[in-house]
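See below for the structure under consideration.
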Amino acid sequence: MSLIMEKLAQLNIHYVTAVVEEGGIIVDQLFFHDPDGHMIEICNCQNLPVLPLVSSSSSCSSCPLNKFKPVTNVDAADDVIASSVSKMNKRCSEAAAVSMMDNLVMDMMNIYL
Numbered sequence: 001m002s003l004i005m006e007k008l009a010q011l012n013i014h015y016v017t018a019v020v021e022e023g024g025i026i027v028d029q030l031f032f033h034d035p036d037g038h039m040i041e042i043c044n045c046q047n048l049p050v051l052p053l054v055s056s057s058s059s060c061s062s063c064p065l066n067k068f069k070p071v072t073n074v075d076a077a078d079d080v081i082a083s084s085v086s087k088m089n090k091r092c093s094e095a096a097a098v099s100m101m102d103n104l105v106m107d108m109m110n111i112y113l
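Residue 61 in the UniProt record's numbering is what sits at position 61 of the sequence shown, and the numbering runs on without skipping anything.
Here it is as structure tokens:
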């Protein structure tokens, strides 16, 4: 998110940030207007859990999500793997943010040219 804010500041584009917390999950939001006046929202929505639409297994027997049971016994080896995957995901999401911002900047430049 900080990379996007730096790029917007370099381009003198006014933006507003917000932080939303619900159920202990924190999502950062960034709002700005594109050259056409449309509002753009960027957030780190990967922090949000994916939840099934129906919580009761009896009400949706064909739902494949009901067949999966949550893993509750995680040993130390799994913690190490999860930590390294988390670090890799962070690097990937930072690279994706940079790529998205570069594409946005290029599109905005094309609009003005």
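Note that CB positions come from ideal geometry on N, CA and C, so glycine has one too.
Computed from a predicted model, the values in this text were never measured in an experiment.
- Contact between S93 and Q46 holds: their C-beta atoms lie close to 6 Å from each other, under 8 Å.
- DSSP places M1 outside both helix and strand once states are collapsed to three, so it counts as coil.
- The C-beta distance from I25 to L48 rounds to 6 Å, short enough to fall under 8 Å.
- For E41, the beta-bridge partners assigned by DSSP are F31.
- With respect to the 7 Å criterion, V27 and C43 are classified as neighbours on the basis of their beta carbons.
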